[in-house]
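> The opening position of the sequence shown corresponds to residue 5 in my numbering, with each subsequent residue numbered one higher. Got a structure for you, questions after.
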Amino acid sequence: MRLFIYTETALNANCYVWENTETKQAMVVDPGAGSAGWVANKLTKEGLKLAGVLLTHGHPDHVWDAAAVAGDKPVFISRPDLYRLDNPLDQVPGLVGAAEAMGSEWVKPTNIEVIPELCLQGSGAQIMPGFPVRAVMVPGHTEGSVGYLSAGILEEGEGAITVSQDGCGGGGCDGCDCGAGGNGEPEPVAFMFLGDVILGDSIGRTDLPGGDEREMKATLRMLSVAINPDTVIATGHGQLSTLGYQLQANQFLRGAAMADA
């Protein structure tokens with residue numbers, strides 16, 4: 005598999021293309037405003053066919069180009085955040101500058117699907133053929149925030165993401181001593197599209213409608229004890245890192261991990 009990231013969207017939300025290199029199919033994660041053109045060009049350049057779209061939550065900066073990207077392909081979102089796709093801007097009156105940043109009228113996707121229950125249970129299931137995920141509910145930023153957990157070998161390629169275990173990453177580690185640029189055989193890595201739960205060395209807002217500080221703390225606690233620290237965290241804004249790095253650098257996650265320990 006390969007992962008590609010685009011950051012030049014409204015409010016600099018991260019949009020991802022997740023490629024199955026065997027089937028040449030791709031899922032797009034969080035296509036924010038301004039990402040549709042990049043996605044189309046990336047799919048064409050890499051010879052990929054779109055399988056569907058995954059949304060980590062329903063805020064406008066993460067969903068705005070979903071209709072343009074998906075066409076008639078499925079757009080997956082959690083049930084608690086489903087209502088947000090009626091008009092994402094209506095749900096975030098406190099997000100200053102969001103309407104101007106989107107740059108166009110909202111178009112609701114035509115093929116919206118709630119995340120299948122099988123993906124939310126046990127070890128998960130294929131949300132689309134060739135794309136196994138364990139969908140993990142991570143409320144706090146919104147009531148329906150979800151993380152998509154999967155695993156595979158991160159293959160190299162022009163613009164493809166590589167992330168080392170010390171948390172550096174987002175495009176390669178040449179010139180540092182983390183070992184990510186070594187010549188050893190590639191090994192499968194776990195990775196998680198986590199939206200706006202963890203952002204850099206901080207966390208997502210809990211003061212917008214649907215946010216909840218107590219639920220965020222519970223989510224952080226769950227992540228700290230239930231997710232392997234080697235897991236690559238593909239965040240909604242900023243650079244990728246690993247959960248292990250965040251447990252050291254992120255005071256909010258570290259505090260939640262220590263609570264009731």
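Every residue, glycine too, gets a C-beta built ideally from N, C-alpha and C. Note that the coordinates shown come from a computational prediction; the quantities given were computed from them, not determined experimentally.
Go through its chain and collect everything with a Cβ distance to F256's Cβ below 7 angstroms, but skip five positions before and after it.
Contacts found: S206, I207 and L224.
> Measure from the alpha carbon of L227 to the alpha carbon of each residue in H241, P213, L247 and L212, then state which is nearest.
When only C-alpha atoms are compared, the closest one is L247.
> Name the two residues that bound the continuous beta strand (DSSP E) containing L1.
Outside the displayed range of the chain (5 to 265) lies residue 1, so it cannot be described from this structure.
> If I measure Cβ to Cβ from S127 and keep anything under 8 angstroms in the same chain, skipping five residues before and after, which residues do I get?
These residues qualify, in order along the chain: R138.
> So L212 and V96 are in contact, right, with Cβ under 8 angstroms, and what is the actual spacing, rounded?
With a Cβ gap of about 5 angstroms, L212 and V96 count as contacting.
> What three-state label does DSSP hand R6 in the structure shown?
Strand at R6.
> Quick check on the DSSP output: the alpha helix (DSSP H) that includes L47 runs from which residue to which?
L47 -> alpha helix (DSSP H) spans A40 to E50.
> Grouping DSSP H, G and I as helix and E and B as strand, with all else coil, what is L203?
Correct three-state label for L203: strand.
> From the DSSP secondary-structure annotation, give me the bridge partner or partners of G151.
V140.
> When the Cα of L251 is compared with those of G242, P233, L244 and A263, which residue comes out closest?
Of the candidates G242, P233, L244 and A263, the one whose C-alpha sits nearest the C-alpha of L251 is P233.
> Taking the C-alpha atoms as reference points, what is the distance between R266 and L7?
Here the chain covers residues 5 to 265 and nothing more, so residue 266 does not appear.
> Rounded to whole angstroms, how far is the Cβ of V236 from the Cβ of A194, which I believe are closer than 8 angstroms?
That belief holds up - the Cβ atoms of V236 and A194 are roughly 7 angstroms apart, short of 8 angstroms.
> Classify S108 as helix, strand or coil using the three-state DSSP reduction.
Note: S108 maps to coil in three-state DSSP.
> Which word fits G101, buried or exposed, when buried means at least 16 other C-beta atoms lie within 10 angstroms of its C-beta?
G101 comes out exposed.
> Apply the 10 Å Cβ neighbour rule to E147 and answer buried if 16 or more other Cβ atoms are within range, or exposed otherwise.
Label assigned to E147: buried.
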